[in-house]
Amino acid sequence: MTINLKTLPHGDMPGDKIAIEQQHIDKAEKIYPLLRQLLPQGKCVVCVCGGSGVGKSEIASLLAGMLQADGIGSYVMSGDNYPHRIPCENDAAREKVYAEGGREALQRYLGSQQEIDFELVSAILARFHAGAPSIPMKRMGRTPDALWYDDVDFSQTQVLILEWTHGNSDNIRGVDIPILLNSTPQETLEHRRKRNRDGGVDSPFTAMVLELEQKQLMRQAHKAKIIVTKSGELISYQEYCRLMEEVK
Numbered sequence: 060m061t062i063n064l065k066t067l068p069h070g071d072m073p074g075d076k077i078a079i080e081q082q083h084i085d086k087a088e089k090i091y092p093l094l095r096q097l098l099p100q101g102k103c104v105v106c107v108c109g110g111s112g113v114g115k116s117e118i119a120s121l122l123a124g125m126l127q128a129d130g131i132g133s134y135v136m137s138g139d140n141y142p143h144r145i146p147c148e149n150d151a152a153r154e155k156v157y158a159e160g161g162r163e164a165l166q167r168y169l170g171s172q173q174e175i176d177f178e179l180v181s182a183i184l185a186r187f188h189a190g191a192p193s194i195p196m197k198r199m200g201r202t203p204d205a206l207w208y209d210d211v212d213f214s215q216t217q218v219l220i221l222e223w224t225h226g227n228s229d230n231i232r233g234v235d236i237p238i239l240l241n242s243t244p245q246e247t248l249e250h251r252r253k254r255n256r257d258g259g260v261d262s263p264f265t266a267m268v269l270e271l272e273q274k275q276l277m278r279q280a281h282k283a284k285i286i287v288t289k290s291g292e293l294i295s296y297q298e299y300c301r302l303m304e305e306v307k
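Following this line, the structure appears as structure tokens:
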């Protein structure tokens, strides 16, 4: 399938940028035929979830572009617009939770209703399923004044793609086809080392957050309709469990 990388739709978070690489294209091309088989006749919500650096934004954009090339209207919704607090304030809240309650308290906070407005996300998905011609969509930047809503026209959109670490959360209602882009803890760490300009690694706190988020992804993985390894292999849930058990 030929798509124009310059005109790809992308996530709606302010300042959102994507960097398409061949590995993303290869994964999207493997996912897309399965996705097309699973698509229902009416409105459909797809989530692309996974850990840090696994390519959620890029693959969501590619899938949206492939759908549009096939005449299927699509929209990419960024879940990072939906925490209750802007990024720096949420980081501070996480650190405060950890300082006051330790690792277990942080684990309860991450990806919880306390951290994220899942009710709003679920309400948006419900309105989309119901065929609302337009929906106010939240926009969250990195400063307190960079917070607003845009009315988005969904009258010609059949597939809404939610790209987000927490897209497969039990706290969300309305996701039809969860797609898990898997990355083992070792693969995530190596990616972040390569991305860090000074060659350093994450702080111990950031590493702990990533570890706890990985555990959440593992608990939710049984719901995924499509699972893709970081190397681009399509695997079953049973194969996923064996893979993650091997790397413990």
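Its first residue numbered 60, the sequence shown is counted upward by one per residue in this note's numbering. Quick reminder that beta carbons are idealized off the backbone N, C-alpha and C, glycines included.
Jot down the residue ranges of each uninterrupted alpha helix (DSSP H) in the region 148-188, minimum 4 residues, whole runs only, in chain order.
-> The region 148-188 contains these whole alpha helix (DSSP H) runs: 177-188.
Endpoints, the beta strand (DSSP E) within which Glu222 is located | By 1-based counting over the sequence shown, the position of residue 222 is 163. 218-222 is the span of the beta strand (DSSP E), which, as asked, contains Glu222.
Where does Tyr134 fall in DSSP's three states?
-> Residue 134 sits at position 75 when you count from the first residue of the sequence shown. Of the three classes helix, strand and coil, the one that applies to Tyr134 here is strand, per DSSP.
Exposed or buried, what is His83 when buried is set at 16 or more other beta-carbons lying within 10 Å of its beta-carbon?
-> The sequence position of residue 83 within the sequence shown is 24, counting from 1. It is buried - the Cβ of His83 has at least 16 other Cβ atoms within 10 Å.
Helix, strand or coil for Asp85, going by three-state DSSP, please let me know.
-> Counting from 1 along the sequence shown, the entry for residue 85 is found at position 26. Reduced to three states, the DSSP call for Asp85 is helix.
Could you check where the beta strand (DSSP E) with Ile286 kicks off and where it finishes?
-> Mapped onto the sequence shown, residue 286 falls at position 227. It spans 285-287 - the beta strand (DSSP E) in which Ile286 sits, taken as one unbroken run.
Distance between Ser193 and Leu302 (C-alpha atoms, nearest Å) = Numbered from its first residue, the sequence shown carries residue 302 at position 243. Numbered from its first residue, the sequence shown carries residue 193 at position 134. Distance between the alpha carbons of Leu302 and Ser193: 42 Å.
Could you pull out every residue in the same chain whose Cβ sits closer than 6 Å to the Cβ of Pro195, ignoring the five residues on either side in sequence?
-> Taking the sequence shown and counting its residues from 1, the one referred to as residue 195 is at position 136. So the list reads Tyr208, Asp210, once near-sequence residues are dropped.
Would you call Gln81 buried or exposed, if buried means 16 or more other Cβ atoms sit within 10 Å of its Cβ?
-> Start at 1 with the first residue of the sequence shown, and residue 81 comes out as number 22. Per the 10 Å Cβ criterion, exposed.
Supposed contact pair Ile238 and Ala283 - C-beta distance, whole angstroms, cut 8 Å | Counting from 1 along the sequence shown, the entry for residue 283 is found at position 224. Counting from 1 along the sequence shown, the entry for residue 238 is found at position 179. Indeed, because the Cβ distance is near 7 Å, the residues count as touching under 8 Å.
Output yes or no for whether 8 Å exceeds the beta carbon distance between Val218 and Ile131.
-> The residue labelled residue 218 in the question sits at position 159 within the sequence shown. The residue labelled residue 131 in the question sits at position 72 within the sequence shown. It is a contact, given that the beta carbons lie within the stated cut-off.
Rounded C-alpha distance that separates Ala205 from Met72 | Numbered from its first residue, the sequence shown carries residue 205 at position 146. Numbered from its first residue, the sequence shown carries residue 72 at position 13. Taking the straight line joining both Cα atoms gives about 11 Å.
Ends of the beta strand (DSSP E) at Pro195?
-> Taking the sequence shown and counting its residues from 1, one reaches residue 195 at position 136. That run of the beta strand (DSSP E) goes 193-199.
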